[in-house]
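Here the sequence shown is numbered in my numbering, starting from 5 and rising by one per residue.
No residue lacks a Cβ here, since even glycine has one placed at the ideal position from N, Cα and C.
These numbers come from a predicted model, not from an experiment.
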Amino acid sequence: MRFSPQTTVVSTALTAVLAAVAVLGVFTSASSVQSTQVVPLEFAHQRGAYAWPDETIQALIKDPDNTILLSQTDINERKGRGPLEWLPPSAQCQYIGRFMTLIKRYGLETDPGEMTTLAASRQRCATQFQ
Numbered sequence: 005m006r007f008s009p010q011t012t013v014v015s016t017a018l019t020a021v022l023a024a025v026a027v028l029g030v031f032t033s034a035s036s037v038q039s040t041q042v043v044p045l046e047f048a049h050q051r052g053a054y055a056w057p058d059e060t061i062q063a064l065i066k067d068p069d070n071t072i073l074l075s076q077t078d079i080n081e082r083k084g085r086g087p088l089e090w091l092p093p094s095a096q097c098q099y100i101g102r103f104m105t106l107i108k109r110y111g112l113e114t115d116p117g118e119m120t121t122l123a124a125s126r127q128r129c130a131t132q133f134q
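Below, the structure is given as structure tokens:
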């Protein structure tokens with residue numbers, strides 16, 4: 005079987021990423037990783053989604069920005085909590101940004117202090133990595 009140069013490059017890059025993940029110990033096996041929502045449905049429900057039509061709930065569930073890969077342990081630890089109570093072990097700044105975007109996009113109810121705290125966390129991320 006012959007592989008194109010592009011296939012070799014992609015395969016090499018994928019191998020490097022998987023090796024880095026293994027070294028960092030992010031996941032112990034592929035079976036321990038699951039796709040879940042950035043904004044947990046329980047969180048959304050507590051913030052007004054209980055009154056949404058089914059189409060809007062499905063839009064939130066299927067929104068590509070609302071998808072994240074987490075270990076089963078992380079999913080269990082997070083439960084229905086938001087980013088003020090739980091953050092993923094990596095990519096926390098991105099998670100906060102996506103969470104805030106989704107809250108605004110779907111008009112979920114928030115406490116002004118909650119959004120101020122999230123914005124401050126996001127700002128610290130921006131200044132930390134400059």
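Can you tell me whether residue i is helix, strand or coil according to DSSP?
{"i": "Thr131", "result": "helix"}
{"i": "Leu91", "result": "coil"}
{"i": "Thr77", "result": "helix"}
{"i": "Thr114", "result": "coil"}
{"i": "Lys83", "result": "coil"}
{"i": "Pro68", "result": "helix"}
{"i": "Ala124", "result": "helix"}
{"i": "Arg109", "result": "helix"}
What residue from the options has the CA that sits closest to residue i's CA?
{"i": "Arg102", "options": "Arg128, Asn70, Leu112", "result": "Asn70"}
{"i": "Ala95", "options": "Leu112, Thr114, Arg126, Lys108", "result": "Arg126"}
{"i": "Glu118", "options": "Glu81, Glu89, Ala55, Thr60", "result": "Glu89"}
{"i": "Leu73", "options": "Leu122, Gln38, Cys129", "result": "Gln38"}
List the DSSP bridge partners of residue i.
{"i": "Gln98", "result": "Partner(s): none; Gln98 has no beta bridge."}
{"i": "Gln38", "result": "Leu74"}
Please check if any C-beta of chain D sits within less than 8 Å of the C-beta of residue i.
{"i": "Gly111", "result": "Absent here is chain D; the protein component of the structure consists of one chain."}
Please classify residue i as buried or exposed, where buried requires at least 16 neighbouring CB atoms within 10 angstroms.
{"i": "Ile65", "result": "exposed"}
{"i": "Gly52", "result": "exposed"}
> Is there contact between the stretch 105–120 and the stretch 40–49, where contact requires at least three CB pairs shorter than 8 Å?
Replying inline: The answer is yes - the stretch 40–49 touches the stretch 105–120, with three or more Cβ pairs under 8 Å.
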